[in-house]
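Asks:
Protein chains: 6
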Amino acid sequence: MSKGIRYHQVGDKIDSYFLIKTATRGIASNGKPFLTLILGDHSGEIDAKLWGCSPDDEATFVSKSIVHLTGELGEYRGRNQLKLQSIRPTTAMDNVKLADFVRSAPLSPEDMLEQVTQYIFEMKNPNIQRITRHLLKKHQAAFLESPAATKNHHEFFSGLAYHVVSMLHISKSLSQLYPSLDTDLLYAGIILHDLGKVRELSGPIDTVYTLEGNLLGHITIMVNEIDEAAKELNIEGEEVLILQHMVLSHHGKGEWGSPKAPQIKEAELLHLIDNIDAKMNMLDRALERVQPGGFSERVMALDNRSFYKPSFHEPPLDL
Amino acid sequence: MSKGIRYHQVGDKIDSYFLIKTATRGIASNGKPFLTLILGDHSGEIDAKLWGCSPDDEATFVSKSIVHLTGELGEYRGRNQLKLQSIRPTTAMDNVKLADFVRSAPLSPEDMLEQVTQYIFEMKNPNIQRITRHLLKKHQAAFLESPAATKNHHEFFSGLAYHVVSMLHISKSLSQLYPSLDTDLLYAGIILHDLGKVRELSGPIDTVYTLEGNLLGHITIMVNEIDEAAKELNIEGEEVLILQHMVLSHHGKGEWGSPKAPQIKEAELLHLIDNIDAKMNMLDRALERVQPGGFSERVMALDNRSFYKPSFHEPPLDL
Amino acid sequence: MSKGIRYHQVGDKIDSYFLIKTATRGIASNGKPFLTLILGDHSGEIDAKLWGCSPDDEATFVSKSIVHLTGELGEYRGRNQLKLQSIRPTTAMDNVKLADFVRSAPLSPEDMLEQVTQYIFEMKNPNIQRITRHLLKKHQAAFLESPAATKNHHEFFSGLAYHVVSMLHISKSLSQLYPSLDTDLLYAGIILHDLGKVRELSGPIDTVYTLEGNLLGHITIMVNEIDEAAKELNIEGEEVLILQHMVLSHHGKGEWGSPKAPQIKEAELLHLIDNIDAKMNMLDRALERVQPGGFSERVMALDNRSFYKPSFHEPPLDL
Amino acid sequence: MSKGIRYHQVGDKIDSYFLIKTATRGIASNGKPFLTLILGDHSGEIDAKLWGCSPDDEATFVSKSIVHLTGELGEYRGRNQLKLQSIRPTTAMDNVKLADFVRSAPLSPEDMLEQVTQYIFEMKNPNIQRITRHLLKKHQAAFLESPAATKNHHEFFSGLAYHVVSMLHISKSLSQLYPSLDTDLLYAGIILHDLGKVRELSGPIDTVYTLEGNLLGHITIMVNEIDEAAKELNIEGEEVLILQHMVLSHHGKGEWGSPKAPQIKEAELLHLIDNIDAKMNMLDRALERVQPGGFSERVMALDNRSFYKPSFHEPPLDL
Amino acid sequence: MSKGIRYHQVGDKIDSYFLIKTATRGIASNGKPFLTLILGDHSGEIDAKLWGCSPDDEATFVSKSIVHLTGELGEYRGRNQLKLQSIRPTTAMDNVKLADFVRSAPLSPEDMLEQVTQYIFEMKNPNIQRITRHLLKKHQAAFLESPAATKNHHEFFSGLAYHVVSMLHISKSLSQLYPSLDTDLLYAGIILHDLGKVRELSGPIDTVYTLEGNLLGHITIMVNEIDEAAKELNIEGEEVLILQHMVLSHHGKGEWGSPKAPQIKEAELLHLIDNIDAKMNMLDRALERVQPGGFSERVMALDNRSFYKPSFHEPPLDL
Amino acid sequence: MSKGIRYHQVGDKIDSYFLIKTATRGIASNGKPFLTLILGDHSGEIDAKLWGCSPDDEATFVSKSIVHLTGELGEYRGRNQLKLQSIRPTTAMDNVKLADFVRSAPLSPEDMLEQVTQYIFEMKNPNIQRITRHLLKKHQAAFLESPAATKNHHEFFSGLAYHVVSMLHISKSLSQLYPSLDTDLLYAGIILHDLGKVRELSGPIDTVYTLEGNLLGHITIMVNEIDEAAKELNIEGEEVLILQHMVLSHHGKGEWGSPKAPQIKEAELLHLIDNIDAKMNMLDRALERVQPGGFSERVMALDNRSFYKPSFHEPPLDL
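Residue numbers (our numbering), protein chains in the order written: chain A, 1 to 319; chain B, 1 to 319; chain C, 1 to 319; chain D, 1 to 319; chain E, 1 to 319; chain F, 1 to 319.
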């Protein structure tokens with residue numbers, strides 16, 4: 001794989017494959033139509049203009065298609081922009097696939113599924129185990145592809161699964177330190193807490209909120225699904241209510257989207273672990289290209305703070 | 001009906017029926033058991049002590065039973081207290097019934113049911129109509145008895161139904177002024193918005209929160225039930241989602257218990273009407289015994305304000 | 001009347017009358033002066049540039065004059081802009097008048113005055129009636145023309161009167177549902193609550209705050225006027241103080257501009273009705289051109305929310 | 001003058017004059033009436049019970065009368081209480097007067113009036129000077145007696161005048177440091193800012209809020225009076241509006257009771273000086289009996305803070 | 001060791017050793033002095049009155065002495081109280097020691113010291129390691145005894161060390177999951193973050209704030225000490241500043257006591273881990289005596305929430 | 001001295017000396033390098049572009065050098081911009097010095113130092129006096145040059161010293177009015193409160209935050225220095241702690257950067273005086289070019305308010 005658009009300099013020649021993320025038609029000052037393309041590879045995104053496009057072009061170069069390009073990296077109003085020399089659609093012959101063109105979790109979907117499955121396997125309470133397994137299975141394909149958000153943290157292919165796997169590992173360590181914790185509840189709460197995002201968000205590419213995402217949100221969606229799953233599985237114990245509460249309360253309080261604050265210990269801890277993993281992910285992103293002795297850009301979701309990389313730390317990898 | 005305990009003075013002889021609201025066992029300084037009774041009639045509540053009670057007494061004078069008492073109204077540490085002379089359980093012969101001993105809505109359950117039914121009858125959208133009718137029917141008995149809250153407003157027998165009927169009337173007037181309103185949505189939203197309270201609260205006497213009331217709350221409960229009702233009735237239109245949103249958002253914002261703020265016009269209005277009816281009910285309660293030219297006690301749920309009755313207003317009725 | 005500038009498409013030819021709302025002089029990059037005109041008709045507003053304007057043009061095309069234009073609707077940086085071909089001032093011969101070029105209330109000033117007068121006529125308390133009538137009469141002309149705000153809600157010709165009339169109708173319905181309400185106070189409070197806006201705002205066209213609007217505000221202005229009116233009319237009862245309190249407290253609390261929160265029932269209700277009418281007006285505006293299944297633009301004054309029009313609702317009228 | 005009740009110890013014999021601040025009737029457990037008296041001298045307050053009081057006693061020992069007492073200082077539930085041995089009303093023969101029994105400003109009313117008058121005399125703007133002189137004269141007697149509050153700061157006889165005089169002195173020093181200040185405005189704003197308290201509060205003894213104090217507040221009252229004064233004096237300049245704004249904004253912002261925040265420099269400074277004098281007064285009160293090396297009680301109006309007296313400071317005077 | 005006062009019932013005979021936590025002299029209604037003792041053993045606290053105490057008693061039964069008692073567990077105003085039959089001071093013969101009478105961490109000071117030392121040993125950055133070792137050594141004795149707070153969490157003997165050890169273990173697990181973390185910084189930050197409490201608090205028994213605890217607080221105290229340590233050790237690298245920032249920012253933001261929010265990744269994580277360990281400790285305390293299916297008392301420091309123990313969890317140990 | 005760039009009009013010829021505040025290299029659309037210069041004189045700032053600059057130019061026209069320019073005042077996108085005709089570096093022959101090109105305090109550094117020294121001389125407590133003198137002496141040069149902030153108030157050459165001198169004068173007047181004040185503490189607190197800014201900020205030209213400014217802040221820096229100074233001077237009294245507390249608490253509360261709120265009277269007053277001097281300085285700046293009857297621009301640091309200059313006030317000086 002080439003080093004990726006994010007690491008090129010202005011003036012570099014580009015000859016590579018890209019995913020079209022969005023394609024928007026405009027009218028130039030000479031009255032002719034053009035396309036504004038947002039192109040992505042595994043490393044990042046770049047804008048390009050396809051001037052004087054034909055109706056055919058408009059039908060070919062659409063969102064989510066993969067294209068081959070040549071051109072040069074230029075600059076326009078302080079932002080990088082790719083100046084196209086050629087562009088063509090790809091075919092099976094090109095041997096390229098979607099997953100190569102988006103930022104993805106560092107683990108493969110298969111590995112993550114295996115890990116989550118292992119945690120479910122370790123559960124001892126059959127009611128909790130059956131509901132969790134049922135809902136994971138129901139949404140398995142989407143769960144393995146979905147980002148965890150449209151922005152801020154884990155906003156990449158398989159981001160949701162990666163977030164869940166990280167939280168499961170944290171919760172396992174903590175349960176060794178705090179032995180009174182009910183790991184069945186904790187693991188189930190972690191696996192289910194954001195699973196409603198497979199219905200709240202439109203999918204891994206060009207992610208937006210769905211209508212039910214806007215009007216209900218992933219929390220309410222999943223609380224409903226737990227109810228339904230319990231009915232289908234003929235499960236009636238208090239576990240159903242407790243799992244619903246775990247999901248309902250995981251944002252911590254009303255202002256943050258949870259109509260009930262956590263009222264059981266494992267629900268409080270779920271909220272805290274969610275917070276840690278989200279923040280560590282944001283911080284790693286913010287600092288990944290900062291030199292030692294420098295400050296990152298401001299991170300809106302972290303109270304708009306800027307973060308310092310101590311001068312005795314390692315510089316970022318040169319890619 | 002006698003004038004009611006709320007309107008007696010210290011020193012009055014009492015010879016009347018009461019409902020035992022709560023009965024709590026204690027041990028007196030002489031080592032003997034006694035019962036602290038909270039007794040209610042249609043007008044209000046009074047404490048009494050049954051000293052030196054036998055095991056029989058403890059088994060007889062329990063919460064929710066109706067008793068006949070004689071005694072005198074006294075005072076203890078600045079609060080009225082009934083000094084018992086005699087107490088006995090009642091039988092069919094006494095010809096007394098529960099509904100006579102609790103504060104109730106000013107309309108009968110039958111009248112209110114008829115009015116709500118009429119509003120459902122007027123709906124034109126069959127999906128909205130069928131879901132609303134289904135859920136009302138499912139919870140009809142509890143709906144007609146339930147208070148709308150444990151305190152603050154409509155905290156009386158049939159309070160929930162009375163709150164709904166009042167809001168329906170307001171919404172009807174407003175829809176004449178703002179003709180773009182969808183009355184189907186508005187009426188359905190009003191009927192369903194607090195219906196989850198039949199599961200959130202323990203019932204009309206000595207009302208407390210149930211476990212699912214604490215951990216999920218009436219909003220989440222009813223959003224789940226709408227989902228379920230739609231599945232049972234094989235209804236799939238966008239109306240299901242919109243009705244869920246109406247209920248979900250009716251507290252207005254996160255801090256007040258709604259994980260989503262209203263995002264459709266009728267949902268916003270539902271929230272505003274709910275607010276008006278609750279506040280008018282609280283204000284009427286706060287002012288009902290205040291003399292013209294005087295201030296009410298502070299009302300916690302109205303930002304702890306005290307309200308003035310202008311001196312040119314009517315005095316309260318002498319009962 | 002033509003269909004209005006708001007309903008034209010880019011590319012349409014325009015040949016119509018407009019009101020100049022503001023005219024601002026600038027210097028082009030070629031060193032010549034030009035005018036930026038904000039033009040309005042009954043449907044909305046449009047920008048236009050008058051390039052290379054003469055001193056005569058500057059003296060002619062001033063704010064609040066009506067002009068006749070020809071041109072074409074174009075676009076500049078994503079916003080519509082009118083490209084002028086000709087522009088001329090109008091004379092009596094053109095037979096056009098100001099009121100045709102501004103958004104206005106859907107009722108005529110005469111109708112609204114009659115309705116308000118009827119409400120005053122129904123008052124039983126002579127002190128309240130006389131003060132209200134006196135102040136309405138004093139400011140009648142301005143009251144019938146004034147907008148209710150510079151933006152957000154009822155920001156149009158006669159917006160203030162229309163807001164008052166709507167609130168009076170709501171209060172009448174509510175007083176039937178809550179019979180303990182003092183309608184004299186409520187009606188008077190509604191009529192007077194925003195009347196100070198005739199001094200706070202500069203009038204119906206190109207509305208800005210006056211100096212006393214900035215330094216005192218409409219609430220303080222009207223509280224002063226009630227005092228003065230009572231003195232002129234030799235009225236001394238508690239009604240004067242209560243009316244002042246109604247006006248003073250109608251924004252609900254300190255953060256919203258009321259130095260005292262409502263302390264009488266009718267004052268609290270006045271605040272709530274004001275809120276409902278303002279929000280319904282904003283929502284109707286926000287949704288009037290949204291297609292079913294779509295979201296409105298964000299509404300700043302409604303917590304920056306965007307509102308959804310359900311897909312089973314009617315599309316907007318095609319004008 | 002004796003050393004005052006505040007400086008006595010439990011067990012001391014008391015033989016002295018007191019002012020009855022409040023007298024409240026109660027019924028003892030033996031069924032007999034008694035009076036709870038709150039008694040004050042220049043140093044502080046003490047409770048006493050007059051057991052088995054006759055109807056005559058009830059008519060004699062009323063609020064604001066001065067009595068002569070003998071008794072002993074005791075303790076009840078951790079608070080000091082005076083055990084009465086004898087109590088009698090006073091007559092002209094006793095040669096006692098009200099002012100000796102209340103905490104008072106350290107300057108005499110006459111001195112303070114002279115100082116305020118001097119500041120008015122120094123004003124150069126005749127409009128500002130005439131309005132200020134007119135309103136001070138109108139309320140002169142009450143101004144010289146009134147406290148500045150019911151609690152927190154300057155809550156004593158002549159507290160209002162003393163607060164004003166202190167603020168005038170501060171403003172004079174500051175105007176030497178910041179020569180662009182308009183001292184006419186600043187002096188007038190200081191003299192008028194709290195003058196509405198003569199109508200907001202019930203007077204110097206047993207101070208409570210009046211009805212107009214509750215419903216309008218001293219700020220609105222004085223803004224009205226400035227308007228009225230200007231009309232009486234036929235003054236029409238912008239000074240009237242500016243003075244009203246000075247008074248209106250002196251609490252700084254909405255949450256603190258000012259519907260408009262300060263928008264002129266002298267109004268901002270008035271707010272800041274008011275703040276300094278109030279806090280210095282509260283701090284002196286809080287620390288006056290604290291030993292070096294000790295902490296004061298918590299002061300509610302200073303964010304509930306407790307203040308430390310450094311161990312190298314002087315101990316309080318031994319009285 | 002006996003089962004402890006916390007697990008006794010009213011009516012039980014008591015014959016045991018206790019630590020006097022506080023001893024306060026009072027005067028009974030018969031005029032005689034008495035002592036109110038707060039007595040503690042390893043399980044909890046109990047009040048007792050020593051009536052009619054002699055001057056000798058007052059000199060003997062003082063705070064922090066250990067006594068032997070006989071008596072009976074009674075009740076006074078709804079709280080347990082020990083009725084003394086005999087009380088005597090202890091001598092070396094009794095073979096009792098302070099540490100047996102206070103709640104302590106579940107690990108021994110020696111074990112904890114060894115663990116913390118091991119973490120320091122693992123550090124690779126010599127500047128960080130030397131400063132941390134120096135300050136731990138300087139305060140080692142107090143560090144091993146000090147509570148972490150006066151209330152809320154880890155408010156027991158060795159609570160500070162136990163809190164630190166727990167956080168170190170959490171940080172070690174997390175650093176395996178987030179390999180970009182600088183464990184030297186993280187471990188040092190954890191060891192130092194609350195070390196200033198050895199000067200902020202008065203020690204393990206009857207803990208109160210010292211004067212410098214009140215006026216500066218443990219954060220400022222330790223930031224000063226790091227500065228001083230670096231000077232003594234002649235260390236000048238950026239590590240000194242970074243360590244000071246770690247301690248300074250560990251409360252997360254201004255409202256919570258940190259004048260600077262975390263600006264490096266490890267500082268943010270230190271804050272989050274501190275939060276988790278404090279909350280887990282509070283939750284374990286709150287739930288330790290709650291039966292399955294029951295709610296805990298409200299926990300002030302957790303937003304006044306009450307926590308539920310699911311009915312499928314284990315009951316508390318019977319002691 | 002010429003009238004200054006701030007008072008020139010578009011079209012004026014410029015022939016004058018300027019300080020280069022910042023010089024930033026860019027690449028023009030023709031591919032050639034250019035410099036964007038921010039130039040300042042004593043009155044304000046202006047942008048200029050040096051097109052087609054040579055490597056020599058880049059080395060010559062650097063930040064903090066003084067240049068001689070000719071050109072014309074133009075406008076670009078609504079902001080003034082200087083169109084360069086010639087530019088040359090200056091030499092000793094030009095006889096210009098830095099201090100002439102920056103806004104400065106109205107008093108000379110020598111005068112201010114003399115005044116501060118006099119206040120120190122008046123102190124009676126030797127511990128307070130010695131620490132204050134020691135720290136002032138240590139930082140004397142930087143203290144006399146440093147601004148008090150990067151923006152908002154006293155953001156000019158010697159701004160810090162001028163702020164301190166003003167506050168000392170205010171405190172002296174106030175101590176005459178409130179004689180219980182400890183002027184030693186107050187003067188010392190004022191002199192030291194912002195002294196840490198000499199390390200927090202980068203100096204008087206093109207001021208930015210230093211790394212320790214960002215990570216610790218001037219408050220923490222100076223609290224550390226007081227500790228160190230006391231050790232060097234072998235001072236051990238409580239004065240050290242109290243002075244640290246004065247500095248630590250002078251921002252008033254946590255949200256404003258003080259981890260401890262003021263807990264001694266002089267610390268509270270220090271905070272209040274700091275507030276007054278900062279606000280008066282901001283207001284004078286905001287109003288200095290406003291005409292009577294006009295409003296200033298909004299001032300972000302004063303709650304984004306705009307301030308009115310009464311029409312009966314003097315117009316600004318014509319320069």
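Ideal placement from N, C-alpha and C gives every residue a C-beta, glycine not left out. Nothing here was measured: the structure is a model prediction, and the numbers come from that model.
Take Ile325 (chain F) and list the residues in its own chain whose beta-carbon comes closer than 8 Å to its own, dropping the five residues that flank it on each side.
Replies: There is no way to answer for residue 325 (chain F), as the model of chain F reaches only from 1 to 319.
Asks: Mind checking who Pro89 (chain C) pairs with in its DSSP beta bridge?
Replies: DSSP lists C:Val67 as partners of Pro89 (chain C).
Asks: What are the start and end residues of the alpha helix (DSSP H) that includes Pro33 (chain F)?
Replies: It is not in any alpha helix (DSSP H) - Pro33 (chain F) instead sits in the beta strand (DSSP E) that spans Pro33 to Gly40.
Asks: Would you mind reading off the limits of the alpha helix (DSSP H) that contains Asp111 (chain C)?
Replies: Looking at the DSSP string, the run of the alpha helix (DSSP H) that includes Asp111 (chain C) is Pro109 to Glu122.
Asks: Alpha carbon to alpha carbon, how far is Gly254 (chain B) from Val247 (chain B)?
Replies: About 14 Å.
Asks: Under 8 Å, CB to CB, which of the residues in the region 205–221 of chain C have a partner in chain D?
Replies: Residues Leu211, Glu212, Asn214, Leu215, Leu216, Gly217, Ile219 and Thr220.
Asks: Under 7 Å, Cβ to Cβ, is there at least one residue of chain F near Asn238 (chain D)?
Replies: In the sequence under discussion, the amino acid at residue 238 (chain D) is Glu, which differs from the Asn named in the question. For Glu238 (chain D), the answer is yes, since a Cβ of chain F falls inside 7 Å of its Cβ.
Asks: Is it right to say Val165 (chain A) is buried, meaning 16 or more other beta carbons lie within 10 angstroms of its own, or is it exposed?
Replies: Buried.
Asks: Taking all protein chains shown into account, decide if Asp111 (chain D) is buried (16 or more other Cβ within 10 angstroms of its Cβ) or exposed.
Replies: Asp111 (chain D) should be labelled exposed.
Asks: Please say whether Met222 (chain A) and Leu185 (chain A) have beta carbons closer to each other than 7 Å?
Replies: No.
Asks: State buried or exposed for Val10 (chain C), treating a residue as buried only when at least 16 other CB atoms are found within 10 Å of its CB.
Replies: It is exposed - the Cβ of Val10 (chain C) has fewer than 16 other Cβ atoms within 10 Å.
Asks: How about the region 112–120 of chain B and the region 97–104 of chain B: do they share at least three Cβ pairs that are nearer than 8 Å?
Replies: As far as the Cβ criterion goes, the region 112–120 of chain B does not touch the region 97–104 of chain B, which means the pair count is below three.
Asks: How big is the Cα-Cα spacing for Met270 (chain D) and Leu269 (chain C)?
Replies: Looking at the sequence shown, residue 270 (chain D) is not Met but Leu. The straight-line gap from Cα to Cα measures roughly 36 Å.
Asks: Tell me whether Val240 (chain B) sits in a helix, a strand or coil according to DSSP, three-state version.
Replies: Three-state result, Val240 (chain B): helix.
Asks: What separation, rounded to the nearest whole angstrom, lies between the Cα atoms of Leu35 (chain F) and Thr150 (chain F)?
Replies: Rounded to whole angstroms, Leu35 (chain F) to Thr150 (chain F) spans 24 Å at the Cα level.
Asks: Using three-state DSSP, classify Asn275 (chain A) as helix, strand or coil.
Replies: Asn275 (chain A) falls in the helix class under three-state DSSP.
Asks: Would DSSP call Tyr229 (chain D) helix, strand or coil?
Replies: Note that residue 229 (chain D) is Ala in the sequence shown here, rather than Tyr. If DSSP states are grouped into helix, strand and coil, Ala229 (chain D) belongs with the helices.
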